[in-house]
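**Student:**
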Amino acid sequence: MAMTSTAQAEQKQQVGNFDIHYMALNSTFITPEIAKTYGIERSSYNGLVNITVLNTSQDEHPAVPVEISGIANNLLDARITLDFKEIREGNSIYYIAEVPYRDDQEVNFTIAIKYGKQLNTSLKFKQKFYVD
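Residue numbers 0 to 131, in numbering that gives the first Met the number 0, belong to the letters of the sequence shown in order.
1. For G89, does the count of other Cβ atoms within 10 angstroms reach 16, so buried, or fall short, so exposed?
2. May I ask you to report which of helix, strand or coil DSSP gives M0?
3. So, G38 versus A23, is the Cβ gap smaller than 8 Å?
4. Can you list, in chain order, the residues of its chain with a C-beta nearer than 6 Å to that of V52? Leave out the 5 residues immediately preceding and following it.
5. Rounding to the nearest angstrom, what Cα-Cα distance links G15 and L118 in this structure?
6. Please report the distance separating the alpha-carbon of K113 from that of P31.
7. Where A127 and Q10 are concerned, what is the direct C-alpha to C-alpha distance, given to the nearest angstrom?
8. Look up K116 in the DSSP assignment and say whether it is helix, strand or coil.
9. Is the Cβ-Cβ distance between I92 and F83 less than 8 Å?
10. Considering Cα atoms alone, identify which of N54, I33, S26 and E105 is closest to E97.
11. To the nearest angstrom, how far is the alpha carbon of Q13 from that of Q57?
12. Quickly, what does DSSP pair R78 with across the bridge? List them, please.
13. Using the DSSP secondary-structure output, state which residues sit across from D102 in a beta bridge.
14. Decide if Y129 is buried, meaning its Cβ has at least 16 other Cβ atoms within 10 Å, or exposed.
What follows is the structure, given as structure tokens:
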């Protein structure tokens with residue numbers, strides 16, 4: 000995906016026959032062209048969450064379209080509902096959401112992911128954001 004950056008390590012959680020790849024990064028890591036294409040605000044105070052779900056039971060582990068929702072909260076317990084956008088590039092399917100933050104702030108993510116009757120799970124992780 001053109002949106003990923005080597006500055007952030009992608010993480011993965013395996014649930015049954017599915018690999019859930021996720022990462023959170025500062026929106027300034029993406030190019031202005033990518034931001035414009037997908038309506039993303041590039042800002043030192045705006046982060047992105049990127050989720051992809053792959054079906055490992057099929058050859059080539061194709062991405063699958065999922066129902067996805069989530070919330071983010073910081074240590075002051077300010078809750079933000081994540082508004083995920085589906086992005087399709089060729090055979091790839093990504094879900095991205097923007098999350099505002101302040102400098103040196105840790106954000107906790109709770110994301111619900113569902114794919115028919117085959118996958119119904121919750122993903123929890125935290126990411127520390129810095130203003131660049």
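Ideal Cβ positions, reconstructed from N, Cα and C, are used throughout, including at glycine.
**Tutor:** So, from the listed chains and residues:
1. In the sequence shown, counting from the first residue as 1, residue 89 sits at position 90. Exposed: under 16 other Cβ atoms inside 10 Å.
2. Stepping through the sequence shown from its first residue, residue 0 is reached at position 1. Below a pLDDT of 50, predicted positions are generally treated as unreliable, and M0, at 44, falls in that range; the measurement from the model is reported next regardless. In this structure, M0 counts as coil in the three-state DSSP scheme.
3. Start at 1 with the first residue of the sequence shown, and residue 38 comes out as number 39. Start at 1 with the first residue of the sequence shown, and residue 23 comes out as number 24. No, Cβ-Cβ distance for G38 and A23 is not below 8 Å.
4. Numbered from its first residue, the sequence shown carries residue 52 at position 53. Contacts found: F17, I19, V63 and V65.
5. As a first step, residue 15 is located in the sequence shown; it is residue number 16 there, counting from the start. As a first step, residue 118 is located in the sequence shown; it is residue number 119 there, counting from the start. Taking the straight line from one Cα to the other gives about 8 Å.
6. Stepping through the sequence shown from its first residue, residue 113 is reached at position 114. Stepping through the sequence shown from its first residue, residue 31 is reached at position 32. So the alpha carbons of these two residues sit roughly 31 Å apart.
7. The sequence position of residue 127 within the sequence shown is 128, counting from 1. The sequence position of residue 10 within the sequence shown is 11, counting from 1. The sequence shown places Lys at residue 127, rather than the Ala named in the question. When rounded, the distance between both Cα atoms is 14 Å.
8. Against the sequence shown, residue 116 aligns to sequence position 117. Coil, per DSSP.
9. For this step, residue 92 is matched to residue 93 along the sequence shown. For this step, residue 83 is matched to residue 84 along the sequence shown. No.
10. Counting from 1 along the sequence shown, the entry for residue 97 is found at position 98. Ranking the options by Cα distance to E97, first place goes to S26.
11. Working through the sequence shown from its first residue, we reach residue 13 at position 14. Working through the sequence shown from its first residue, we reach residue 57 at position 58. The alpha-carbon atoms of Q13 and Q57 are separated by roughly 15 Å.
12. Counting from one through the sequence shown, the residue named residue 78 turns up at place 79. Bridge partners of R78: N72.
13. Residue mapping note: residue 102 aligns to position 103 of the sequence shown, counting from 1. Answer is none; D102 lacks a bridge partner.
14. Translated into positions along the sequence shown, residue 129 becomes position 130. Exposed is the call here.
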